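J.: Structure provided below as structure tokens; questions to follow.
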Amino acid sequence: MIYFLDLFGVFVFAISGSLAAGRKHLDLFGVIVLALATALGGGTIRDLILGAQPIFWVADPIYIYVAIIAALITIIASRTPPLTSTVLQIADAIGLAVFTVVGTQRALGFEVQPVIAIMMGVMTGVVGGMIRDMLAGEIPLILRREIYATASICGGVVYILTIHFLHMDVLSTYLAIFIVLALRLGAIHWNISLPIFHDRRKEGNRMNK
Amino acid sequence: MIYFLDLFGVFVFAISGSLAAGRKHLDLFGVIVLALATALGGGTIRDLILGAQPIFWVADPIYIYVAIIAALITIIASRTPPLTSTVLQIADAIGLAVFTVVGTQRALGFEVQPVIAIMMGVMTGVVGGMIRDMLAGEIPLILRREIYATASICGGVVYILTIHFLHMDVLSTYLAIFIVLALRLGAIHWNISLPIFHDRRKEGNRMNK
Amino acid sequence: MIYFLDLFGVFVFAISGSLAAGRKHLDLFGVIVLALATALGGGTIRDLILGAQPIFWVADPIYIYVAIIAALITIIASRTPPLTSTVLQIADAIGLAVFTVVGTQRALGFEVQPVIAIMMGVMTGVVGGMIRDMLAGEIPLILRREIYATASICGGVVYILTIHFLHMDVLSTYLAIFIVLALRLGAIHWNISLPIFHDRRKEGNRMNK
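Protein chains in written order, with our numbering: chain A, 1 to 209; chain B, 210 to 418; chain C, 419 to 627.
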């Protein structure tokens with residue numbers, strides 16, 4: 001079940017990457033690279049940091065095929081009426097939620113401390129989108145917008161706490177997915193964001209310039 | 210022979226990185242960093258993903274020396290009449306072809322599936338140039354221009370197929386190099402490119418904005 | 419002692435990342451990501467390339483806590499009068515010096531060749547700042563400004579030479595730190611920089627365009 005949700009997350013994130021490629025007028029190869037980077041980038045960095053060899057998509061290339069198929073579908077579908085923004089946002093939130101839990105679980109398999117496991121969950125969820133934005137020449141959206149990573153962090157914390165204190169394995173998984181989804185969709189619906197850090201002392205502290 | 214072609218590829222890619230640094234008015238250190246990143250970046254990412262320790266240039270630092278020498282030569286030569294664009298493009302195509310085959314071979318040594326071996330060949334050939342462009346503050350050229358990665362993919366496929374079905378080892382190597390070269394130089398000569406993905410539904414699908 | 423200097427370096431580099439985030443109006447999560455990336459990015463890439471598992475901050479999460487605390491202090495302190503630019507530059511130079519020596523030492527523990535150890539020291543010192551600038555959408559400062567990486571390289575060379583020929587362990591450490599500090603602060607004080615590479619043959623050598 002989680003495996004299929006994980007593949008669904010790959011599919012959705014690959015669409016997100018393909019759409020970004022379309023906005024930048026990349027060619028066919030560029031669309032596939034952005035699809036792969038968005039869908040697999042977070043998990044790849046996680047596995048590298050954990051020393052989790054082989055990397056998940058090297059061990060099981062179906063992840064690659066799903067991302068490429070998503071890219072091709074996005075290109076073909078670009079002549080049809082668009083999906084509504086809402087559908088895409090809900091799909092993206094599901095991807096974020098599943099990636100968070102999958103990443104946290106994978107990290108716990110390497111007996112790291114809880115804070116590391118939570119970080120790995122967040123990285124699985126958000127680093128792909130950061131690579132997508134950097135390849136597209138933009139400051140990663142995730143660093144300047146509404147509740148996104150925060151939802152992922154909360155999901156990871158809930159997962160770790162319920163696993164540790166209540167020993168509920170399957171239930172923890174779905175509870176954490178639910179928490180991320182609820183926070184993310186709630187933030188979209190009520191347009192809630194984190195405070196922005198405006199540094200008021202502009203020039204004074206440019207220590208590196 | 211392949212070893213020398215590989216070092217030639219490093220040399221050529223390092224020149225490409227140095228020229229990009231020159232266009233951005235980087236300092237001496239910046240030129241060397243872009244030379245190293247362009248020449249060694251693809252193989253480094255490949256080795257990290259394969260878990261191929263030690264990384265090729267840690268095991269054999271001659272790769273570093275060749276890249277640094279190429280950077281210094283580029284700087285010194287900037288006062289002389291330029292090489293023609295054609296000479297540089299042919300050299301770059303040779304680098305792409307050799308890197309593709311070397312990367313695919315290296316991956317096969319780790320008993321990965323064919324699709325992974327092909328990806329590792331392409332990454333060896335193109336990721337260095339992508340890092341170069343991102344360090345220079347640009348959207349990677351490779352994502353929006355004529356046949357480049359596609360030539361690399363075709364070379365990798367031919368290599369895998371001929372190795373697998375015909376068991377010709379040395380011949381496969383040269384055949385694959387020839388395929389990449391022919392496709393890349395043909396694309397330059399006839400100015401062929403991949404179709405560009407123009408998404409027509411601009412605002413409607415910006416699911417992350 | 420070196421351990422505390424190392425944590426001090428993490429603290430200072432995290433402030434540098436937080437200030438960059440403030441200039442780009444990132445949100446709270448963005449500030450923490452830039453703080454972590456600047457403070458831990460160089461050592462992370464170093465450990466990945468060396469195959470040094472577990473990564474230093476996975477083994478000892480105090481590095482994460484120090485970086486996050488530095489980010490929070492930077493945000494809170496943004497309402498107070500700023501530290502002078504000079505204080506920040508000296509702190510940054512200490513961070514560079516300590517990271518260089520720590521990185522070189524860590525590499526020597528993996529029995530790599532001297533040139534690799536020096537590279538690892540430089541990467542520990544400068545790659546975090548490069549990631550910070552790329553995340554903030556800028557060409558890395560390090561590639562186009564005054565003596566910075568050069569100070570780090572000289573410190574690494576001095577460390578390797580004195581360890582190898584004079585077998586002075588603790589003394590080498592402090593000598594190398596002093597060399598980096600002296601060169602870096604001297605470069606700031608007298609405004610010395612590396613020559614910039616202006617390529618005069620603009621269009622002629624754009625082999626990739």
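Backbone N, C-alpha and C define an ideal beta-carbon position, used for all residues, glycine too.
All values reported here derive from a predicted model rather than from experimental measurement.
Please list, in chain order, the chain C residues whose beta carbon lies closer than 8 angstroms to that of A:F197.
T.: For the purposes of this step, residue 197 of chain A is identified with residue 197 of the first sequence, where counting begins at 1. The answer, in chain order, is S436, A439, G440, H443, L444, D445, L446, G448, V449, I493, S496.
J.: Is the distance from the Cβ of A:L143 to the Cβ of C:L444 below 7 angstroms?
T.: Position 143 of the first sequence, counted from the first residue, corresponds to residue 143 of chain A. Position 26 of the third sequence, counted from the first residue, corresponds to residue 444 of chain C. In this structure, C:L444 lies closer than 7 angstroms to A:L143 by Cβ.
J.: Per the DSSP calculation, A:A60 is bridged to which residue(s)?
T.: The count along the first sequence starts at 1 and reaches residue 60 of chain A at position 60. The amino acid at residue 60 of chain A is misidentified as Ala; the sequence shows Asp. A:D60 is not bridged to any residue.
J.: Helix, strand or coil for A:S16? Go by DSSP, reduced to three states.
T.: Here the question's residue 16 of chain A lines up with position 16 in the first sequence. Of the three classes helix, strand and coil, the one that applies to A:S16 here is helix, per DSSP.
J.: Mind pulling the alpha helix (DSSP H) runs of 4 or more residues that sit fully within the segment 502-584 of chain C?
T.: List check, alpha helix (DSSP H) in window: 503-526, 532-553, 567-579.
J.: Who are the neighbours of B:L257 on chain C, taking C-beta pairs under 8 angstroms?
T.: The residue given as residue 257 of chain B occupies position 48 in the second sequence. Those within 8 angstroms of B:L257 in chain C are L466, I467.
J.: Buried or exposed for B:L375, going by 16 or more other Cβ atoms inside 10 Å?
T.: In the second sequence, counting from the first residue as 1, residue 375 of chain B sits at position 166. With fewer than 16 other Cβ atoms within 10 Å, it is exposed.
J.: In angstroms with no decimal places, state the Cα-to-Cα distance between B:I325 and B:I362.
T.: For the purposes of this step, residue 325 of chain B is taken as the residue at position 116 of the second sequence. For the purposes of this step, residue 362 of chain B is taken as the residue at position 153 of the second sequence. Whole-angstrom Cα-Cα distance: 11 angstroms.
J.: Within 7 angstroms of any Cβ in chain C, is that where the Cβ of A:I139 sits?
T.: In the first sequence, residue 139 of chain A corresponds to position 139, counting from 1. Output row for A:I139: interface = yes.
J.: Near A:I49, what residues of its chain come up, given a Cβ to Cβ distance below 8 angstroms and the 5 sequence neighbours on each side ignored?
T.: Position 49 of the first sequence holds residue 49 of chain A. The answer, listed in chain order, is M120, M123.
J.: Answer yes or no: do A:P114 and A:I177 have a C-beta to C-beta separation smaller than 7 angstroms?
T.: The sequence position of residue 114 of chain A within the first sequence is 114, counting from 1. The sequence position of residue 177 of chain A within the first sequence is 177, counting from 1. Their beta carbons are not under 7 angstroms apart, which means A:P114 does not touch A:I177 by this criterion.
J.: First and last residue of the alpha helix (DSSP H) that includes B:H398?
T.: Position 189 of the second sequence holds residue 398 of chain B. It spans 378-399 - the alpha helix (DSSP H) in which B:H398 sits, taken as one unbroken run.
J.: In chain C, which residues lie with their C-beta within 9 angstroms of the C-beta of A:Q105?
T.: Translated into the one-based positions of the first sequence, residue 105 of chain A becomes position 105. In chain order: nothing, as chain C lies at least about 16 angstroms away.
J.: Would you give the residue range spanned by the alpha helix (DSSP H) that C:A640 belongs to?
T.: Examination of residue 640 of chain C is not possible in this model, given that chain C is present from 419 through 627 alone.
J.: Cβ atoms of C:G435 and C:L423: under 7 angstroms apart, would you say?
T.: As a working note, residue 423 of chain C is residue 5 in the third sequence. As a working note, residue 435 of chain C is residue 17 in the third sequence. Against a cut-off of 7 angstroms, the Cβ pair of C:G435 and C:L423 comes out as no contact.
J.: Out of B:I241, B:L394, B:L384, point me to the one whose CA is closest to B:V310's CA.
T.: Along the second sequence, one-based indexing puts residue 310 of chain B at 101. Of B:I241, B:L394, B:L384, the residue nearest in Cα terms is B:L384.
J.: Could you check what DSSP says for C:S611 in three-state terms: helix, strand or coil?
T.: Within the third sequence, residue 611 of chain C is the residue found at index 193, counting from 1. Looking at C:S611 - three-state DSSP - the assignment turns out to be strand.
J.: Using the three-state DSSP reduction, which class does B:G287 fall into: helix, strand or coil?
T.: Position 78 of the second sequence, counting from 1, holds the residue named residue 287 of chain B. The sequence given here has Ser at residue 287 of chain B, not Gly. B:S287: coil per DSSP, three-state reduction.
J.: Going along the segment 359-372 of chain B in order, which residues come within less than 9 angstroms of chain A, judged by CB to CB distance?
T.: Against chain A - using a Cβ distance shorter than 9 angstroms - the residues of the segment 359-372 of chain B are T359, I362.
J.: Consider the Cβ of B:P270: report whether some Cβ of chain C lies at a distance smaller than 7 angstroms.
T.: For the purposes of this step, residue 270 of chain B is taken as the residue at position 61 of the second sequence. B:P270 counts as touching chain C.
J.: Any beta carbon from chain D within less than 7 angstroms of A:R144's own beta carbon?
T.: Among the protein chains in the structure shown, which are A, B and C, there is no chain D.
J.: Any chance the segment 132-139 of chain A sits against the segment 190-197 of chain A, with 3 or more Cβ pairs inside 8 angstroms?
T.: They do not touch, by the three-pair rule.
J.: Can you tell me the Cβ-Cβ gap for B:G251 and B:F319, rounded? I've got them flagged as a contact below 8 angstroms.
T.: Working through the second sequence from its first residue, we reach residue 251 of chain B at position 42. Working through the second sequence from its first residue, we reach residue 319 of chain B at position 110. About 16 angstroms; that fails the 8 angstroms criterion.
J.: Evaluate B:G395 with the Cβ neighbour count: other Cβ atoms within 10 Å of its Cβ, from every protein chain shown; 16 or more gives buried, anything less gives exposed.
T.: Reading the second sequence from its first residue, position 186 is the one you call residue 395 of chain B. Label assigned to B:G395: exposed.
J.: Compute the Euclidean distance between the alpha carbons of C:T456 and C:Q507, then round it to the nearest angstrom.
T.: Sequence index remark: in the third sequence, residue 456 of chain C carries index 38 (1-based). Sequence index remark: in the third sequence, residue 507 of chain C carries index 89 (1-based). Going by the C-alpha atoms only, they are around 15 angstroms apart.
J.: I'd like to know whether the C-beta of B:Q262 is nearer than 7 angstroms to at least one C-beta of chain A.
T.: Locating residue 262 of chain B in the second sequence gives position 53, where the first residue counts as 1. Judged by the 7 angstroms Cβ criterion, B:Q262 is not in contact with chain A.
J.: To the nearest whole angstrom, what separates the beta carbons of B:G304 and B:G218, a pair I think is in contact under 8 angstroms?
T.: Numbered from 1 along the second sequence, position 95 holds the residue referred to as residue 304 of chain B. Numbered from 1 along the second sequence, position 9 holds the residue referred to as residue 218 of chain B. With 8 angstroms as the limit, B:G304 and B:G218 qualify as a contact, their Cβ atoms being about 4 angstroms apart.
J.: Give a yes or no on whether 7 angstroms exceeds the smallest Cβ distance from A:V58 to chain B.
T.: What you label residue 58 of chain A is simply residue 58 of the first sequence in a count that begins at 1. For A:V58, the answer is yes, since a Cβ of chain B falls inside 7 angstroms of its Cβ.
J.: Nearest to C:I493 by alpha carbon, out of C:A470, C:M552, C:L437, C:Y481?
T.: Position 75 of the third sequence, counted from the first residue, corresponds to residue 493 of chain C. That would be C:L437, whose Cα lies nearest to the Cα of C:I493.
J.: Does DSSP put A:I211 in a helix, in a strand, or in coil?
T.: The displayed coordinates of chain A run from 1 to 209. Any statement about residue 211 of chain A would go beyond what the structure contains.
J.: Just mark A:I62 as buried or exposed, buried being the case when its beta carbon has 16 or more other beta carbons within 10 Å.
T.: The count along the first sequence starts at 1 and reaches residue 62 of chain A at position 62. Its Cβ having fewer than 16 others within 10 Å, A:I62 is exposed.
J.: Would a check of beta-carbon distances place C:V533 closer than 7 angstroms to chain B?
T.: Position 115 of the third sequence, counted from the start, is the residue given in the question as residue 533 of chain C. True, the Cβ-Cβ gap to chain B drops below 7 angstroms.
J.: Using a C-beta to C-beta distance shorter than 8 angstroms, which residues of chain A count as neighbours of C:M552?
T.: Stepping through the third sequence from its first residue, residue 552 of chain C is reached at position 134. Per Cβ cutoff of 8 angstroms: M134.
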